[in-house]
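Just so we're aligned, residue 1 is where the sequence shown starts under full-length UniProt numbering, counting upward by one.
We put the CB at the ideal spot given by N, CA and C, even for glycine.
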Amino acid sequence: MENTAFAFIKTDKKLVKLFFNDITVIKGLGNYVEIHTVHDKKYTYYKSLKDLIENLPNEFMRIHNSYIVNLTNIEYFEDNHIIIKEMKITVAKSYRECLSNTLQNRML
1 MENTAFAFIK
11 TDKKLVKLFF
21 NDITVIKGLG
31 NYVEIHTVHD
41 KKYTYYKSLK
51 DLIENLPNEF
61 MRIHNSYIVN
71 LTNIEYFEDN
81 HIIIKEMKIT
91 VAKSYRECLS
101 NTLQNRML
């Protein structure tokens, strides 16, 4: 979804417009995902994390088998944990190096 600021998801029998910048964390729940926003809302959507990550902009990164985070909304990264809106998410070993490299490339 290049150059697109938003997408629609079908949840609770309606189409909901979500701006990518508003998404903080996407948590995998089997064949469903739970999308958390900066406005403290949660949406459940029928799609796997694997399928979803392919359609998200570059600001999104998988950091765990069960989590995708929006890099623009990370507050800090410390001791192999990402903190976003009071959520503490462990970064899996298999994703740690990629995340560290990405964050290094964005340092001032």
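Inset, instruction - Only counting runs of 4 or more residues, tell me where the alpha helix (DSSP H) segments fall wholly within the UniProt domain "HTH LytTR-type" (9-75), in order along the chain. - result: 49-53
Legend entry - The alpha helix (DSSP H) enclosing residue 4, as first and last residue numbers: Residue 4 sits at position 4 when you count from the first residue of the sequence shown. From DSSP, residue 4 is part of no alpha helix (DSSP H); its letter is neither H nor E.
Inset, instruction - Measure the alpha-carbon distance for residue 33 versus residue 26 and round it to whole angstroms. - result: Along the sequence shown, read from residue 1 onward, the residue named residue 33 stands at position 33. Along the sequence shown, read from residue 1 onward, the residue named residue 26 stands at position 26. Roughly 6 Å between the two C-alpha positions.
Legend entry - Environment of residue 81 [buried if 16+ CB atoms lie within 10 Å]: Numbered from 1 along the sequence shown, position 81 holds the residue referred to as residue 81. Exposed is the call here.
Inset, instruction - Enumerate in chain order the residues of its own chain whose CB-to-CB distance from residue 15 is below 8 Å, with the five nearest sequence positions on each side excluded. - result: Numbered from its first residue, the sequence shown carries residue 15 at position 15. Counting only Cβ-Cβ distances below 8 Å, and skipping sequence neighbours, we find 8 and 9.
Inset, instruction - With DSSP collapsed to three states, give me the class of residue 78. - result: Along the sequence shown, read from residue 1 onward, the residue named residue 78 stands at position 78. Strand, per DSSP.
Legend entry - the region 37-48 touching the region 61-68, judged by at least three CB pairs closer than 8 Å: no
Inset, instruction - Starting from the Cα of residue 78, find the closest Cα among 70, 88, 17 and 37 and give me that residue. - result: Within the sequence shown, residue 78 is the residue found at index 78, counting from 1. Minimum Cα distance to residue 78 is reached at 88.
Inset, instruction - Kindly indicate which residue of 55, 36 and 93 has the alpha-carbon position closest to the one of residue 69. - result: Taking the sequence shown and counting its residues from 1, the one referred to as residue 69 is at position 69. For the residues 55, 36 and 93, the minimum Cα distance to residue 69 belongs to 36.
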